[in-house]
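Colleague:
Numbering (the working numbering), first residue to last: 646 to 1186.
#1: Do residue 963 and residue 978 have their beta-carbon atoms positioned less than 8 Å apart in this structure?
#2: Buried or exposed for residue 857, going by 16 or more other Cβ atoms inside 10 Å?
#3: Do the region 769-777 and the region 933-953 make contact, defined as three or more Cβ pairs closer than 8 Å?
#4: For the structure I just gave you, are there three or more beta carbon pairs, one from the region 1110-1129 and one from the region 1001-1010, closer than 8 Å?
#5: Go ahead and label residue 658 buried or exposed: buried means 16 or more other beta carbons lie within 10 angstroms of its beta carbon, across all protein chains shown.
#6: Tell me whether the beta-carbon of residue 1009 lies closer than 8 Å to the beta-carbon of residue 949.
#7: With a cut-off of 8 Å on the beta carbons, I'd call residue 879 and residue 1000 a contact; round off their distance for me.
#8: Pick helix, strand or coil for residue 1029, following the three-state DSSP scheme.
#9: Based on the DSSP output, what are the partners of residue 768 in its beta bridges?
#10: Would DSSP call residue 1036 helix, strand or coil?
#11: Return the CA-CA distance between residue 1153 and residue 1159, expressed in angstroms with no decimal places.
#12: Buried or exposed for residue 952, please, with buried defined as at least 16 other CB atoms from any protein chain shown within 10 angstroms of its CB.
#13: Check this for me: beta carbons of residue 868 and residue 982, under 8 Å apart or not?
#14: State yes or no: is the C-beta of residue 975 within less than 8 Å of the C-beta of residue 965?
#15: Is residue 849 helix, strand or coil by DSSP?
#16: For residue 1008, does the three-state DSSP call read helix, strand or coil?
#17: Cα separation between residue 914 and residue 923?
#18: Beta carbon of residue 709, beta carbon of residue 1096: below 8 Å?
#19: Just to confirm, is the Cβ distance from residue 834 to residue 851 under 8 Å?
#20: Does the beta carbon of residue 781 come closer than 8 Å to any beta carbon on chain B?
#21: Using beta-carbon positions only, say whether residue 991 and residue 885 come within less than 8 Å of one another.
#22: With distance defined between alpha-carbon atoms, name the residue in 1028, 741, 961, 773 nearest to residue 734.
#23: Are residue 1148 and residue 1122 touching if we call contact CB-CB under 8 Å?
#24: What would DSSP say about residue 827, mapped onto helix, strand or coil?
#25: According to DSSP, residue 962 sits in a beta bridge with which residue or residues?
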């Protein structure tokens, strides 16, 4: 029997697949923004760990490790950390039975580094370090504790998620404590095998934890964490672009680095941990502070309307709020992390409102959130200017084809405009598909490193999703008014909303609410009809 070469078989199959492509679409006058995919597209009722994990791998993309200056960027501003760590480490080396010896490392370090044994070693050691550091502790920090419950799912997630190790703001947290993801400050991932320090193992597991923390904490901008694979530790930061990590170090060979990192995690203030300082808690109330009319205003948070559960992406969060002096008039605050190339939604809403557009959420205010005296973006502010091109695993961006319309089926699932799809199996990813024969696919392009900017938009219309209307008559009337809004946006403001979905059509059935009876929201993807070229954004999410 004659066997054809494997490469010829694969080539023949690919040719057959691409030949069955539907007729070409009309050539666009400019490149459309490619569709994106992330974990925010999963509805809670159908969320499954395997499906989330598959999409999370794609959402996180390339994780950059070994970035020089990581520790300095995130830990240097912790008051008194360096002298305190040096003093504590010195104490660890003192006495007849020191906690640390240069020749052998940490006392009690388990041979084989099995997870259970490492957990038994880790928590008591952290408590000991805290005791040594008591006299050096800056300010009035509440005592944080390590939490080790690798076999108990944490509450507050649709999928059962267990956390190997982490730090919580609860001095009484213990093995039997029932903790929630909303309490986790620093997640950690343990692996006994040093070779698990790679993307498909420890890195992805920590990414899962970061997703849960970001989803559960509506004021969290980024999450710090760590992996410990055998004795090798990395420090991590996850944000709306993905994840970056420090250089690897051996906790037994570099005991001072380990002590510095642990004390840093325990002493960081909320802003250093990634919380938004423009969201302020006073007693039992929370406020969002904005700059408006040349002054600061406080908007009282009534409740969270929506927070899209994802790591990388726009990560839209919406709150129902009201002005302190006018609690009866609802407003909606929308925070999202946008590509800087995309036109600001706030500007589009302001233009639409000024031109008298009806049945579209009306403009109140918009701004780029400022943290630490500068615009809050990922590359310069969150990541402190760290350069991912210096990562040990960085590869220069190769010329890439934008996503082919034949490569993946996608569907809209919620008002966050995130998309859900199915990846090719790992066995296929080494052999890329040939270019689509559709003429709307453009030639390869080389991209620079991306960025996202933290933008805040506030509108003066509040309602509920149209499918929650109290009756069919109410639903149909609302649908008609939303169509009028879409038409008005086009005819009066020259804009196309481009994102009609169930969660972007709103109805207001509260007679005391001065909002439109029904209206459109979300101009994230809206464009001006007369625009001459695409925004240049990396994707639609």
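Ideal placement from N, C-alpha and C gives every residue a C-beta, glycine not left out.
Modeller: Taking the definition as stated:
#1: yes
#2: buried
#3: no
#4: yes
#5: Because residue 658 carries a pLDDT of 44, less than 50, the predicted location of this residue cannot be relied on, and the following value inherits that uncertainty. Label assigned to residue 658: exposed.
#6: no
#7: The pair is not a contact, with the Cβ atoms about 52 Å apart (cut-off 8 Å).
#8: coil
#9: Answer is none; residue 768 lacks a bridge partner.
#10: DSSP places residue 1036 in coil when its eight states are reduced to three.
#11: 9 Å
#12: buried
#13: no
#14: In this structure, residue 965 lies closer than 8 Å to residue 975 by Cβ.
#15: Assignment of residue 849 by DSSP, reduced to helix, strand and coil, places it in the helix class.
#16: strand
#17: 14 Å
#18: no
#19: yes
#20: As a matter of chain content, chain B is missing from the structure shown, which is built from one protein chain.
#21: No, the pair does not count as a contact, with Cβ atoms beyond the cut-off.
#22: It is 773.
#23: no
#24: helix
#25: 952, 980
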